[in-house]
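*Asks:* The structure that follows is given in the form of structure tokens.
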Amino acid sequence: MVITKDSVIGDVLDFAPTTASYFLEMGMHCLGCPASRGETIQQACAVHGVDCEEIVKKLNDHIAGKA
14 MVITKDSVIG DVLDFAPTTA SYFLEMGMHC LGCPASRGET IQQACAVHGV DCEEIVKKLN
74 DHIAGKA
């Protein structure tokens, strides 16, 4: 799986549950909430004031084993 800004958070968490820490780090503390799981990474970044490109890179590096 390659994560993009348009990836849905729930899909990312289902594919790689260990990525939850990155979402928690950006201030998303309600990862079990249906609304947050249905958001794209870009939508969550806009709400939480996080650089979308940075979190996407971190997530892809983590999945690739580089984190």
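Residue numbers 14 to 80, in the numbering used here, belong to the letters of the sequence shown in order.
A virtual CB, placed ideally from N, CA and C, is assigned to each residue, including glycine.
Quick caveat: nothing in here was measured; it's all calculated off a predicted structure.
(1) Hey, how far is the Cα of Val-63 from the Cα of Val-21?
(2) Output the distance between the C-alpha atoms of Gly-51 and Gly-23, rounded to the nearest integer angstrom.
(3) What's the gap between the Cα of Glu-66 and the Cα of Lys-18?
(4) Looking at the strands, I want to know which residues DSSP matches up with Val-32.
*Replies:* Walking through what the data contain:
(1) 16 angstroms
(2) 6 angstroms
(3) 7 angstroms
(4) Note that residue 32 corresponds to Thr in the displayed sequence, not to Val. Bridge partners of Thr-32: none, in fact.
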